[in-house]
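Below is one structure, written out as structure tokens; the observations come after it.
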Amino acid sequence: MVERTTPKPKVVPPQKRTAFEIIELVLKILTFFAMAFGGGWALYLYQQSGANDWQNNFTIETKVLQYHDDLRLLVIHVISKNPRNSKFLLTKLHGDSFKLRIQKIPMTLKSGEVITEDEDKANLIKTIDILATDAGEYELLPNAELDDMNSIVLPVNTTVQVTAEMESPNGEVKDGKPDSDFISKSTVVHISP
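With positions in the sequence shown counted from 1, the corresponding number in our numbering is that position plus 200.
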């Protein structure tokens, strides 16, 4: 009987990597970290910009037109602009609101008295629910602009404050009450003879 011996495997020393292979490996590692950092930075900026929150930049433009006798027509344009790349929708059924309030500024104020944007029920002329006129929904597409126009007849020599308010519950609770996101814009108009 012939005894067979299996040859021992030869130990092959590891081959040295070429400079090209080392550079390629380093570039792959750097690319991975750059992508991870870039994704993290994009997510951070997204969160800082409000994530899925809505935003509306609006302006109020007014014009006073002759109507008849001592009455004038105050034409109010509330121009909404969505500066974000995502649409937002206000829905009356979800508790959202978009109102236009016209209130008279009393002529009895003394010098130095401050007039705020808050609702003054004693001098309230009219509140117009813009969501009611738009079937309870107000959709603003990305980077879109909408113009909501309303008119009201007022006597001459009247000074009014026109306030547009947009509000949407945000699901949070502050001081035991439901909190909401809120935007307001006001202007003052004098109805000249």
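Virtual Cβ for every residue (Gly too), placed ideally from N, Cα, C.
Leu265 and Leu274 have their C-alpha atoms some 6 Å from each other. Here Thr363 is buried. Its C-beta has 16 or more other C-beta atoms within 10 Å. Taking the Cα of Val360 as reference, the smallest distance to any Cα among Lys304, Pro209, Phe237, Phe233 is reached at Lys304. Ser280 places its beta carbon less than 7 Å from that of Leu340. By the C-beta criterion, the region 286 to 306 is judged to be in contact with the region 366 to 376, since at least 3 inter-stretch pairs fall below 8 Å.
The criterion of a C-beta distance shorter than 7 Å is not satisfied by Tyr244 and Val353. Shown here, Gly238 sits in a helix according to DSSP, grouped into three states. The beta carbons of Ile330 and Ile302 sit no closer together than 7 Å. Between Val356 and Asp270, the C-beta gap is smaller than 7 Å, which places the two residues in contact.
The beta carbon of Pro393 sits closer than 6 Å to those of Val356, all from its chain and outside the five residues before and after it, given in chain order.
A straight line joining the alpha-carbon of Asp320 with that of Ala236 spans about 54 Å. When the alpha-carbon of Glu317 is set against those of Ser384, Lys292, Val226, the nearest one is in Ser384.
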